[in-house]
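Trainee:
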Amino acid sequence: MAVDEKETGFVKEIRKQAGDFPGWYNDVVRKAQLADNSPVAGTMIVRPYGYALWENIRDPLDRLIKQTGHENWYFPALIPLSFLQKEKDHVAGFAPEFQLVTKGGGKDLEEPLVLRPTSETMIATVLRDYVQSYRDLPVLTNQWNNVFRWELKPRFFLRTREFLWQEGHTFHETASEAEQEVAKMLDCYRRIAEEWCAIPVLTGRKSESEKFAGAQYSTA
């Protein structure tokens, strides 16, 4: 069988998976024009093919989420440090990854602002003004945004210092209702993985060492 010279050249430029898995992964991502390195260390440029993959996962997931009664919101990326300090377990889990803004308009800020690592504290603070009694419940929020974490070992799409993601936060009258919501949304993620990405998954609770900072339990 004849081998196209361009094809062999393409393959030769990709490191062998067995000998250098991280290098092989980076080569595949860059040669496929999914993403590239950014001038800012630890961040990446998502190219059109890579962003199209994101859209083809985001859009059906957004439809599923809306079918469960969630509404899309958008909250600020800048969060007062005091909001996170109120949640000791939460801040302890994220403190090493914080990116702080300490100056604005050429002056020191009275309070440092954290570039959003996740939105729980901001959303919980804001939603208090909208929930006056149990009659206002449940409130089902969803947000598509970018978050910032100071990753020490960045990797395209897996761990970078800024990345796109989805986060949902809901408020219920009872813990039982909240747990039912967790199970419902976990099934949405399972459906996207299996039905849209053709990736079989096992769902369940994470171990204590994998638990999200400040959570009673985490699922995946």
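Residue numbers (our numbering): 78 to 297. Positions of the beta carbon are idealized from the N, C-alpha and C atoms, including for glycine.
1) What does E197 pair with, by DSSP beta-bridge criteria?
2) Got a sec? Which residues, its chain only, sit under 7 Å from E160 by beta carbon, not counting five neighbours each side?
3) Taking the alpha helix (DSSP H) that Q144 belongs to, which residues open and close that run?
4) Return the residue from the list A129, M121, W131 and R193 that minimises the CA-CA distance to I156.
5) Decide if E82 is buried, meaning its Cβ has at least 16 other Cβ atoms within 10 Å, or exposed.
6) Can you tell me which of L190, T251 and L186 puts its alpha carbon nearest to the alpha carbon of A172?
7) Quick check: what's the CA-CA separation for Q243 versus K163?
8) So, for Q110: in the same chain, excluding its five sequence neighbours on each side, which residues have a beta-carbon less than 6 Å away from its beta-carbon?
9) Tell me the DSSP secondary structure of G100 in three-state form.
10) Flag F234 as yes if its beta-carbon sits less than 8 Å from any beta-carbon of chain B, otherwise no.
11) Determine the direct distance from the alpha carbon of S295 to that of K288, and round the result to whole angstroms.
12) Quick check on the burial criterion: 16 or more other C-beta atoms within 10 angstroms. Buried or exposed for N149?
Mentor: Based on what the coordinates show:
1) In the DSSP output, where bridge partners are listed per residue, E197 has none listed.
2) Note that residue 160 is Phe in the sequence shown here, rather than Glu. Closer than 7 Å at the Cβ level, and outside the excluded window around F160, lie T198, M199 and T202.
3) P125 to Q144
4) R193
5) Summary for E82: the model assigns pLDDT 46, below 50, so the residue's position carries little reliability; its value from the coordinates is reported in the next sentence. That one is exposed.
6) L190
7) 24 Å
8) R124 and Y126
9) helix
10) The chain inventory of the structure shown lacks chain B, comprising one protein chain alone.
11) 5 Å
12) exposed
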